Amino acid sequence: MRTLLFLGLLLGLSSLAWAQPHLTGRIVDATTGRPVPYVSIGVLGTLLGTTSNADGEFELRGVPLPGRLVCSELSHRRDTLAVTQISQPLLVRLVPAAVQLPEVAVGSYAAELLAQAYRELRRTAAHCTYGHAFYRQITRLDEQPTEVQEMVWATQTSNARVAGTALTQARFAKKKALLAFQNFSLYTKAITFFDALADS
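In our numbering, the protein residues as written are 9 to 208.
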């Protein structure tokens, strides 16, 4: 008995589902005839709605008849259609809408920024900053370190260039190898561009 009642209820619900109006259609551009994708479609006065697919096709179930179908899309005019019967798929033609965008003035912000940076560079080019620089060099033969050099320089720099350097400290260590850096102190102390004590 319960089985028969369940089957009867199931048949009744399925017949109600089949009895609901089933609306299908396609949305095209009125000028070109091409499909308009992703159009918002709704039934006026209800919560029913859908969106057209990439080919402009849509499907709505349970549309109350007569009803009014509202179609809207950003680049086309909104359109409202009266639907009184569903005999065949609808063909909706949306008229293109000209969207007036505000005028955009193309400025030269990048050029002005570069000009401002260049003016600041010229203004502060004569200003020198004094500091220290550190250098380390490790010489390797067959992946084994043979010489280590470490040096500290006094530096004179501006925002445009390194104005001068002078060696203040240095150390050197080596182990016997086929090749060696012989004139460490002569080479590094002989090349001096400014006197750190006199210029600072």
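Every residue gets a Cβ at the ideal spot worked out from N, C-alpha and C, and that includes glycine.
Remember, it's a predicted structure, so these values are computed and weren't measured experimentally.
| message | For Gln96, count the other beta carbons within 10 Å of its own beta carbon; 16 or more makes it buried, fewer makes it exposed. Which is it? | response | In the sequence shown, residue 96 corresponds to position 88, counting from 1. Counting Cβ neighbours within 10 Å, Gln96 comes out exposed, since fewer than 16 surround it.
- Kindly give me the distance between the Cβ atoms of Leu89 and Val100, rounded to whole angstroms, as I take these residues to be in contact under 8 Å. Translated into the one-based positions of the sequence shown, residue 89 becomes position 81. Translated into the one-based positions of the sequence shown, residue 100 becomes position 92. That pair is a contact at about 6 Å.
C-beta contact flag for Thr59 and Ile49 at 8 Å | Within the sequence shown, residue 59 is the residue found at index 51, counting from 1. Within the sequence shown, residue 49 is the residue found at index 41, counting from 1. In contact: Thr59 and Ile49 (Cβ atoms closer than 8 Å).
According to DSSP, which residues form a beta bridge with Gln177?
As a first step, residue 177 must be located in the sequence shown, where it is residue number 169. Val160, per the DSSP bridge assignment.
Please give the ranges of any alpha helix (DSSP H) in the region 28–55, keeping only runs that are unbroken, at least 4 residues long and fully inside the region. none
Checklist entry - Exposed or buried, what is Thr132 when buried is set at 16 or more other beta-carbons lying within 10 Å of its beta-carbon? => result By one-based count along the sequence shown, residue 132 stands at place 124. Residue burial annotation: Thr132 is exposed, with fewer than 16 other C-beta atoms found within 10 angstroms of its C-beta.
Self-check item: beta strand (DSSP E) segment containing Glu65, residue limits
Solution: Residue numbering aside, residue 65 sits at position 57 when the sequence shown is read from its first letter. Start and end: Glu65 to Arg69.
Determine the burial state of Glu81: buried for a count of at least 16 other Cβ atoms within 10 Å of its Cβ, exposed for fewer.
As a first step, residue 81 must be located in the sequence shown, where it is residue number 73. Buried is the call here.
message = With H, G and I counted as helix, E and B as strand and the rest as coil, what does DSSP make of Arg131?
response = Residue numbering aside, residue 131 sits at position 123 when the sequence shown is read from its first letter. If DSSP states are grouped into helix, strand and coil, Arg131 belongs with the helices.
Going by beta-carbon coordinates alone, are Ile35 and Val47 separated by less than 8 Å?
For the purposes of this step, residue 35 is taken as the residue at position 27 of the sequence shown. For the purposes of this step, residue 47 is taken as the residue at position 39 of the sequence shown. With contacts defined as CB atoms closer than 8 Å, Ile35 and Val47 qualify as a contacting pair.
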